[in-house]
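Below, the structure written as structure tokens:
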């Protein structure tokens, strides 16, 4: 809802339906990464908790590396 409200385009990748997507997430975010993870153009931004913190602190653009 946050991204929609700010009109930030995004793609959702369901790693439960694609082994390749799961491997790619672990390559980008690290082997111990648990979903959901946020990535922008192949650059790791952080997990959902970091996303929520960025929303609360009004630093979402910096978090998303926009």
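Numbering (this note's numbering), first residue to last: 1331 to 1396. Virtual Cβ for every residue (Gly too), placed ideally from N, Cα, C. It should be emphasised that the depicted structure is a prediction, and the values quoted were computed from it without experimental measurement.
query	result
Using only CA atoms, which one of 1393, 1373, 1357, 1369 lies nearest to residue 1343?	1369
Quick one: complete alpha helix (DSSP H) runs, 4+ long, within the region 1360-1390?	1378-1386
Tell me which same chain residues have a C-beta within less than 7 Å of the C-beta of residue 1356, skipping the five on either side of it?	1363
Taking the continuous alpha helix (DSSP H) assigned at residue 1334, which residues delimit it?	1332-1335
Would you kindly work out how many angstroms separate the C-alpha atoms of residue 1331 and residue 1392, rounded to a whole number?	18 Å
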